[in-house]
Amino acid sequence: MATRPLSPAPHAATLAQVAAALDRVRFGAIQLTLHEGRVVQIDVTERQRLP
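If you want it as structure tokens, here you go:
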């Protein structure tokens, strides 16, 4: 498996999207899908707690 240099700009955008998902979800899960070391999908599953 070859390694390639990664530029910081795409990582910053991805981290911003993950941080936004973390801010939105109170109960649930955030799943990242990676292909060749890059995040290609962010799945957010939100649970709603009933009183």
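Residue numbers (this note's numbering): 13 to 63.
Backbone N, C-alpha and C define an ideal beta-carbon position, used for all residues, glycine too.
Being a predicted model, the structure only gives us computed values, none of them experimental.
For T57 and T26, the rounded distance between their alpha carbons = 18 Å
What are the boundary residues of the beta strand (DSSP E) that R62 is part of?
-> Looking at the sequence itself, residue 62 is Leu, so the reference to Arg does not match. Neither: L62 is in no beta strand (DSSP E) and is coded neither H nor E.
Are A31 and I42 closer than 8 Å when you measure CB to CB?
-> no
Could you pull out every residue in the same chain whose Cβ sits closer than 8 Å to the Cβ of P22, ignoring the five residues on either side in sequence?
-> R50
Cα-Cα separation, V37 to Q60 = 10 Å
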